[in-house]
Amino acid sequence: MTIQDLLKDVSVMDLTTFARAIPSPKDFLLTQSIFPNVEMREVKWRTKDSGRYVNVAKYRAFNASVPFATREAWQTSREGALPALGQKLVVSEQEQILLEASHGSDQDRLIELLYDDVEGHVEAIRSRLELAAGDVLADGRFTLEQENGLTLEVDWNVPVENMPVASRPWSDPASDPIADELRWIQHLDDIGAPEPELVITSRKAFSYLAANDAYRAAYYGSVNPSTTPTATLTPQQINVVRGNYSLPPIQFYKAQVRVDGKPRKVLPEDLWILVPPEREKWAQTMYGVTAEALVLSRGSNPEIIREDAPGLIITRGVQDDPVQIWTKGAAVGMPVMHTPDAHIVAKVL
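With this note's numbering, letter number 46 in the sequence shown gets 46, and the count goes up by one each step, no holes.
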């Protein structure tokens, strides 16, 4: 039995189904619930903003004519190509020789190696999309700078008012994080944005609230700083203060990915992010249809059905010189922001 014969028992559909069933790392909060995933039978992203203003009706005198109203409506849309991402891994010629020399166990071992590589493809692609979501959150833009030869920027036009800087760094005990956060929430209320559902931040940013004068005074009910106990607050006490001011609950974010062999935090530790509810209306991680999926879903005997074409896809193959078996993980996708003024990304340190 040749290596090519062994591959006949491993279909593209089997590999892709396995890949899509792999759960994302628990730390990947952004692409799981902040920018929820959506799969589309498209190769482009699209955003549309539409609405209307309705003026109040006017009273009229009896026997007077009803006044005419005016229609005030708008609609704007943007679109662009979903960029492709992915990677290949090969089973080297030496590994294949060793596999064939193992007599009888070569088939199972080869298939095991292929599925191990599929897990690597899935983690790599999801890691890159998590990093992209962090990029969009941090500065309101999706940016690629000479990444594998590709340079691209999509500016989601987040207003500067939605990316404030704390009046004083929260690492300073004399700062007033309560007033800062209430002011940012008031801004969202003033522009008609929904009330934030939660805060995404780092443990580092949160830790400074324990020794903060404003938080301690609020917890102990002190009017004069000289009468405020000097003890730092526990996380539970901090949350009591937040509850008293109707501030949203906090969720810590700590995800890291590896970029060119070096660990990188997905989000800077100095951000305090107020996230809206109904997040699918705010932002999404959009997956489209890859070129590989389009090819595989064509013909009278397609390797995958059209309904399964959107999303991450795994292919495999053999080349003769040098002799190699390879697997490839591919996707087209990026984070897309539909409503750029419904959240707050504040720099607090």
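By construction, the Cβ of each residue, glycine as well, lies at the ideal position given by its N, Cα and C atoms.
Whole-angstrom C-beta distance between residue 304 and residue 31, which should lie under 8 Å
Position 31 of the sequence shown, counted from the start, is the residue given in the question as residue 31. Position 304 of the sequence shown, counted from the start, is the residue given in the question as residue 304. That pair is no contact at about 23 Å.
Neighbourhood of residue 353 by C-beta, 8 Å cutoff - its chain only, sequence neighbours within 5 removed
Since the first and last residues shown for the chain are 1 and 349, residue 353 lies out of range.
Alpha carbon to alpha carbon, how far is residue 234 from residue 195?
As a working mapping, residue 234 is identified with position 234 in the sequence shown. As a working mapping, residue 195 is identified with position 195 in the sequence shown. Rounded to the nearest angstrom, the two C-alpha atoms are 26 Å apart.
Identify every residue that forms a DSSP beta bridge with residue 272.
If you number the sequence shown from 1, residue 272 lands on position 272. Its beta-bridge partners are 201 and 346.
Just checking my contact of residue 90 with residue 18 at CB under 8 Å: how many whole Å lie between their CB atoms?
Working through the sequence shown from its first residue, we reach residue 90 at position 90. Working through the sequence shown from its first residue, we reach residue 18 at position 18. Not quite, the Cβ-Cβ distance comes to about 19 Å (not below 8 Å), so this is no contact.
Between the C-alpha atoms of residue 324 and residue 308, what's the straight-line distance to the nearest angstrom?
For the purposes of this step, residue 324 is identified with residue 324 of the sequence shown, where counting begins at 1. For the purposes of this step, residue 308 is identified with residue 308 of the sequence shown, where counting begins at 1. Residue 324 and residue 308: Cα-Cα distance of roughly 28 Å.
Taking Cβ to Cβ, would you say residue 349 is nearer than 8 Å to residue 205?
On the sequence shown, residue 349 is found 349 positions in, with the first residue counted as 1. On the sequence shown, residue 205 is found 205 positions in, with the first residue counted as 1. The answer is yes: Cβ separation under 8 Å.
Suppose contacts are defined by Cβ-Cβ distances below 8 Å. Is residue 201 in contact with residue 125 by that definition?
Your numbering for residue 201 matches position 201 in the sequence shown. Your numbering for residue 125 matches position 125 in the sequence shown. Cβ atoms of residue 201 and residue 125: not closer than 8 Å.
If residue 335 and residue 142 are in contact, beta carbons under 8 Å, what's the gap, nearest whole angstrom?
Numbered from its first residue, the sequence shown carries residue 335 at position 335. Numbered from its first residue, the sequence shown carries residue 142 at position 142. The C-beta distance from residue 335 to residue 142 rounds to 6 Å, short enough to meet the 8 Å contact threshold.
Enumerate, from N- to C-terminal direction, the unbroken beta strand (DSSP E) stretches of 3 or more residues contained entirely within the stretch 206 to 266.
250 to 252, 256 to 259 and 262 to 265
Opposite residue 323 in the DSSP bridges: which residues?
Along the sequence shown, read from residue 1 onward, the residue named residue 323 stands at position 323. Beta-bridge partners of residue 323 (DSSP): none assigned.
With a CB to CB cut of under 6 Å and the five nearest residues on each side skipped, what residues in its chain are close to residue 242?
Position 242 of the sequence shown, counted from the first residue, corresponds to residue 242. Nothing listed; no residue qualifies.
For residue 331, the three-state DSSP class (helix, strand or coil):
For the purposes of this step, residue 331 is identified with residue 331 of the sequence shown, where counting begins at 1. Note: residue 331 maps to strand in three-state DSSP.
Any idea what DSSP makes of residue 120, helix, strand or coil?
By one-based count along the sequence shown, residue 120 stands at place 120. Helix at residue 120.
Measuring CB to CB, does residue 225 end up less than 8 Å from residue 217?
As a first step, residue 225 is located in the sequence shown; it is residue number 225 there, counting from the start. As a first step, residue 217 is located in the sequence shown; it is residue number 217 there, counting from the start. Yes, these two residues count as a Cβ contact at 8 Å.
Would you give the residue range spanned by the beta strand (DSSP E) that residue 163 belongs to?
Counting from one through the sequence shown, the residue named residue 163 turns up at place 163. For residue 163, there is no enclosing beta strand (DSSP E), as DSSP gives it neither H nor E.
Can you give me the start and stop residues for the alpha helix (DSSP H) that residue 145 sits inside?
As a position in the sequence shown, residue 145 is number 145, starting the count at 1. From DSSP, residue 145 is part of no alpha helix (DSSP H) but of the beta strand (DSSP E) over 141 to 147.
C-alpha gap between residue 110 and residue 319, whole angstroms
Position 110 of the sequence shown holds residue 110. Position 319 of the sequence shown holds residue 319. When rounded, the distance between both Cα atoms is 16 Å.
Should residue 328 go down as buried or exposed, given a rule of 16 or more other Cβ atoms within 10 Å for buried?
On the sequence shown, residue 328 is found 328 positions in, with the first residue counted as 1. With 16 or more other Cβ atoms within 10 Å, it is buried.
Below 8 Å between beta carbons: does that hold for residue 134 and residue 156?
Here the question's residue 134 lines up with position 134 in the sequence shown. Here the question's residue 156 lines up with position 156 in the sequence shown. Contact: no.
Taking residue 15 as part of the alpha helix (DSSP H), name the residues at either end of that continuous run.
Residue numbering aside, residue 15 sits at position 15 when the sequence shown is read from its first letter. Per DSSP, residue 15 belongs to the alpha helix (DSSP H) from 12 to 21.
Just reading off the alpha helix (DSSP H) that residue 293 is part of, what are its end residues?
The residue labelled residue 293 in the question sits at position 293 within the sequence shown. Residues 291 to 296.
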